[in-house]
Structure formats: C-alpha cells, structure tokens
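Chains as they are written, first to last, in the working numbering: chain A, 5 to 614; chain B, 2 to 153.
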C-alpha cells in the first residue's frame, strides 16, 4: 500500500471518526432541544393555567368584595360599608376581561367565562337593585336577598366549575410536564447511552481503522527505516572498506573538494606530509601538501589547482620534493585527477603520490649505467673504427706492398724475354713465361683478397644504381667482353637496383668475367644477360655457354678458394664467386646458380629494386 | 744496376715521378728503347716533384718538357694531389701526363679523367703498355688502334 492511499484511507477514517459522532450528537441535541422546548411549552402552559386560576381567584375576590360591600351596606346602611363594592365595581369588568383574555385559546373556557360574566352581570344588576333599594331606605326583602344569594351561588358555582376545569387542565399539564421530564430524562439517558454505545463503537471502529492506518504507516515507516538502516549499514561497510583499502594503498592519497580543501587523507599521506588527517581536514591543499623544486626550492605549481582549471589528469614536474610538517623532505612523484560524477560534473580532486626516493635512486643508477654504457659503446665504436681504418690502411698497404715486387717480377721477366729472348731456347722462354704467369696469378689473388676484405669493411649506404648503365659500361670498358668472337648480349633494359656503384660493378664484372672465361676450348663465348622482377626484388641472370657446373658443387662454388674446374685450364683465384656472394650480401641480396655439366650455367644475383 | 741517366735540369724533357726502383727501371728501359733516355729526370718524392715543377723550376722547363710520367702512389704527396696542383699551373695545363697505375679503382680513374690525364700506362711497364700509351705523345708508331686502360 502506498503512502498516498494510506493517507487517503487515513483521512477517510478521520472523517468518519469525527463526522459520525458529531452528526449523532447534533441529532441528539436537536431531539433534546425539541423535548426541552416541549417541556418549556408545557411549563408555560402550566404557568398559564396557574395564572388563570390566580386571576379567577382575583375575580372571585372581587365578587366577594362586591358582595361584602352590598351586604355591609344593606346591614349597616353606611356608605363606608359600601367601599369594597365601590372600589371593585369599576375594575371588575377589566379583571373579567383579563380572565377571558387569558383563556381565549380554550374555546370551552371562553364560553364558560362568558357564562360566568353573564351570571356576574345578573348578580351585579341584582346588587345594584339592592343598593338602590337601600339607598332608598328600603331593605330588600328576604326573597330579594335569596335571589341574590342564589345568583351568587350560581356565580360561585361557575367560578368553581371554571376553576376546576382550569385546575384540571393545570394538573393535566403538570402531569404532562412530569411525564415530559421523565421522558426527557429517560430519553436523555437512553439516548446518551445509545449515543455512547453507537458513537463510541463507531468512534472506536474509526479509531481502530485510524489506528490501523497509523499502525500500517508506522510499519511502513519501520520497514523503510529498517531498509534505510540496512543501506546505511551497507554504506558504512563500504565506506569502511574503502577507508581500509585507501589506507592500505602504499601511495599517499589526498582528496580535495572543489575549493581545493582537503576532505580525506589516507595513512600514507599522513605519514608523508606529517599532518594528521583530522588536523588537515578543510585546510587548503597547499598548506598540507607543500612541494618545492629539488634544486631551486621554489614552490611548485599546485597540482590540484591545475586539475580544476584544466579538468584533466595532471602529473607533477620532475625533481619535486615534499616538505613534511615534521621537517623531513622526500622526493615524490604524483598525479592528480578530477573526480566527476555520472553527469560529468567535477566534485573534487584526488591526488596520489609516493616517495620516489628509491625510484629516484634507481633512475639515477640507471642513468649512470646507461651513460657508462654509452661511453663504453662510444669507446668501442671508436676503437672499432680505428681498427677498421687501420685494417683498411693495412690491407691497402699490404696489397700495394705485396703487389709491387710482383710487378717487378713480371716486368723484368718480360724484359728478359724481350731483350734476350733470342738467346734462349724454348725451355728458357717457357720458364720465364711461367714466372710471369705465376706472378700474375698472385697479383690477381691479392687484388681479389683486397676486394673481399673491403666488402667486409664497407658500411654501404644503398642508393639506386642503374644496372643497365653499369652492365653496358663494363662490356664496353673491358676488352675481353667485346673482343673478337665474344658475344655478350643484354636483353631488354635492366632496371635500377639498391646498392653502390662499386659493389654492383664488382659483382657484374666478376660474373661476366666468369661467363666468358669458362668456355670449352675453341668455343666462342655467348653470354646472355637479362633481368626478372621478383616481388620487391630484381633478379639479374647471366647465362653462358660454358663448361657447366656439377650440381653437387652448387654450394661449394661460392666458397673461398674453391675452384671446381681444373685450375690449369682456366685462370682463376677461387675468390671471384666468394666476392660475388659477399658483395650481394653486403647489398642485402642473394646469389645462386643453375647449371648442367657441359650445358652452360645460369648465375643470378637478386637485389632490391630501387 | 743502372738507375739511368739523370738529365741536367735545364734540358729535362721527360719527368718521371715514381718511387719504386723496379718500376723506374722498367720505365727507363722503355724510354731507352724510344731514345728518350738522355732527357729524363727521375724524382721519387711527390713534394719534391711539385717543387721542381713550381717553385724550384728551372727556367726552361715549360718549353722543354714534353711529358710527365706520374705514379699515383707516392710518398709525401699523392699523385693525384700533384696532378691537381700541376693542372693549376697555367703553363703546365696542357702538358701530357701519363699516369702509371696498377689499380683499377674507379674513383682514382674518374679523378684522373677529370684532371685530364692524357693516358695510362699499366704496371708493370711492358713494351705493349708503354707504346700504346705514348704513341701520340712521342710520335711513335702505334702498335694497335685505340688507347685503352691496359690489360687487367
């Protein structure tokens, strides 16, 4: 049942409780009033009867006075004895009229009154006669007097009758009054009883309804109260849980309201700031949370103020130190965030901070370590670079110095051959040629080794290289590629690749060199060069019609100093393909070959397309 | 072993800047064959050579000199440096310079081209390499057609 229908019922009950008895009481009052009015009327009537009787008495008395006067005069003859008659005769009409007036409501009595008046008048007339006779000096006769007395008796009788009736009426009325009083009494009592009973019961019922409604309302209130108490208990529990949780957080937590005054501090915050929570309550944050720059000791911007202005999460600047109330200070890290409700309104700010001493130390240690590391790396790099350049210089010098005696050997062998050749036999010339050839081989070997070493050292930054230009250039520049009987054909236009001019040149000259070299005796070298797109790469093919390579040597052939042919027939250092492989790798590419013995070879090198 | 005659400074017609003794001997042999050996000056140091061509120059040099043989790998001053300085001399701008080289370094060769090297003699100096290179300069009959880099 809702509060509303409860209260409606309640007011209905209230109405019943009040109106009903009020109504009944009113009715009873009206009844009693009616009875009282009746009684009053009866009493008035009774009183009226009494008045009539009294007036009748007066009239009788007056008649008596008349009679006395007459008699007295008749007896005494003195005017003084006639006084009662004289006094009353004037008023007697008036009095009798009064009487008639009084009984005008009772027609029977009016008739009687008239009769009475007639009888009276008769006597009065007779009396007047009596008086006149007396006045005349005559004494009325006994007869006369007896007539007079009989008239008076009649009058008296009528009086009596009149009075009796009136008295009867009166006693009737008195009885009526008595009865009315009784009735009133009984009725009153009875009614009061009934009233009490019904009204009481009705009232009681209404009151019990009222009480019921009240009880229900109370019960509802009780329930609500209980529910409220439960939610309050829950709330308290939650608050307690939060309080405990917040207190257990290893970081300091301070919550402020919209004005930047502290409304909550957890235990860690108390510890770090040196303020007790109860002292800090409603203090401005800057009083409790005093932060300065580590070095300059200048007060740092209040993070809460910033959050309230910018309405977003704010972190602290570095090198901030918190000054405790107790004199200590700690480097801290913090962040402040706005607290918003579901509608997005900002309710306050929560500031979380922790002692960063350890972290600071760790950071410093790490910084020192990384500086150290950087320094070491720099040192190593320098020494490596030094080593490299030394090596380069060394290999350059080595090659130069190694080659120069070889030059001498070749040169002077040639010189002997040229100048003194005619003094030598075939054997002698042959020996000299061998010396020259051997020197030449060594020279080439040294050059190849130098190239190979250089490849390791180079830190090639790749640029686009025009394959087409390089290939055609090599073919043009090197006579062994365009001499008699040698055919080197380039199919299509070769694309650009990522590499360096030097390395690409090296690769191609080695591959082309091999292609024209390793042909069977008497066969004219036919070399075909073309390119193929393979995704982001370009694969350059060099195909020859040479002696071919046994598939089991495909891997070995790219190794250092490996020559899979008989080295006497074909001049080679065994480094050429190793250089090609190393060079391709330096350009982040790859090499490979396909071949069949006696059926020629197809070497390929794959590089990134530019 | 004979080093070869060193011409008097005011009759120098061929200057050879080369530090290696064997290379020098081989070149001299070729010059001898061409009959130029009496007017050859040998300098084995780059700086010395530069001085000879510039500050310490004999007065008749510009008119007498017909060729310079230049080795690229020299102590004190590299052949290229020397060549650069040489070409900055107004009266030596057009003098034939023949570079003696054992290297195929494209960087060096490109630079030589730029400095207007007349020709190359590949080392070790043989009759073939020499005669090809100097045919134009010394007005000798060419052994064959176009000048080239020489054998590799």
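Here a beta-carbon is modelled for each residue, glycine too, at the ideal position from N, C-alpha and C. Please read all numbers here as calculations on a predicted model, not as lab measurements.
Residue range of the beta strand (DSSP E) that includes residue 295 (chain A): Where residue 295 (chain A) is concerned, the enclosing beta strand (DSSP E) stretches over 294-297.
Simplified DSSP state of residue 598 (chain A), which is helix, strand or coil: strand
Beta-bridge partners of residue 338 (chain A), as assigned by DSSP: A:357
Whether residue 403 (chain A) touches residue 21 (chain B) by CB criterion (8 Å): No, Cβ-Cβ distance for residue 403 (chain A) and residue 21 (chain B) is not below 8 Å.
Own chain, CB closer than 8 Å to residue 378 (chain A), minus 5 neighbours either side, in chain order: none
Environment of residue 225 (chain A) [buried if 16+ CB atoms lie within 10 Å]: exposed
Cβ of residue 418 (chain A) within 8 Å of any chain B Cβ: yes
Among A:533, A:553, A:272, A:321, nearest to residue 513 (chain A) - alpha-carbon criterion: A:533
Neighbour-count burial assignment, residue 617 (chain A), 16 or more Cβ in a 10 Å radius: Shown here, chain A extends from 5 to 614; a query on residue 617 (chain A) therefore has no answer.
Ranges of the beta strand (DSSP E) found wholly within the region 448-536 of chain A, counting only runs of at least 3: 467-470, 491-494, 500-503
Burial state of residue 518 (chain A) (16 or more Cβ within 10 Å): buried
Any chain A beta carbon closer than 8 Å to residue 112 (chain B): no
Proximity of residue 47 (chain B) and residue 78 (chain B) at Cβ, strictly below 8 Å: yes
Selected residue, minimal CA-CA separation from residue 199 (chain A), among A:614, A:25, A:447, A:443: A:25
Residue 89 (chain A) classed as buried or exposed, judged by whether at least 16 other C-beta atoms fall within 10 angstroms: buried
Within-8 Å CB hit, residue 411 (chain A) to chain B: yes
Option in A:500, A:576, A:524 with minimal Cα separation from residue 540 (chain A): A:500
Cβ shell of residue 267 (chain A) (< 8 Å), same chain only, five flanking positions each side left out: 259, 260, 261, 285, 286, 352
Under 7 Å from the C-beta of residue 422 (chain A): neighbouring residues of chain B: 128
Beta-carbon proximity of residue 419 (chain A) to residue 27 (chain B), cut-off 8 Å: Here residue 419 (chain A) is near residue 27 (chain B), since their CB atoms are less than 8 Å apart.
Residue 153 (chain B) classed as buried or exposed, judged by whether at least 16 other C-beta atoms fall within 10 angstroms: Low confidence applies here, because residue 153 (chain B) scores a pLDDT of 35, under 50, leaving its location unreliable and the question unanswered by this model.
Distance CB(residue 113 (chain B))-CB(residue 100 (chain B)) smaller than 8 Å: yes
CA-to-CA distance, residue 171 (chain A) to residue 42 (chain A), given in whole angstroms: 20 Å
For residue 64 (chain B), the first and last residue of its enclosing alpha helix (DSSP H): 62-65
CB of residue 254 (chain A) within 8 Å of CB of residue 312 (chain A), strictly: no
Contact between the region 355-366 of chain A and the region 323-343 of chain A (3+ Cβ pairs under 8 Å): yes
Cut-off 7 Å between Cβ atoms - residues of its own chain near residue 567 (chain A), not counting five sequence neighbours on either side: 576, 578
Under the three-state DSSP convention, the category residue 42 (chain B) falls into: strand
Residue range of the alpha helix (DSSP H) that includes residue 125 (chain A): 111-139
C-beta contact flag for residue 354 (chain A) and residue 257 (chain A) at 8 Å: yes
Contact check, residue 433 (chain A) vs residue 444 (chain A), beta carbons under 8 Å: no
Identified DSSP bridge partners for residue 72 (chain B): According to DSSP, residue 72 (chain B) bridges with B:101.
For residue 190 (chain A) and residue 60 (chain A), believed in contact at Cβ under 8 Å, the rounded distance: Not quite, the Cβ-Cβ distance comes to about 35 Å (not below 8 Å), so this is no contact.
Proximal chain A residues relative to residue 103 (chain B), where beta-carbon distance stays under 7 Å: 407, 411
Close-in-space but distant-in-sequence residues of the same chain around residue 13 (chain B) (CB under 8 Å, 5 per side omitted): 40, 41, 42, 59, 62, 65, 66
Paired residues, beta bridge with residue 121 (chain B) - DSSP: B:100
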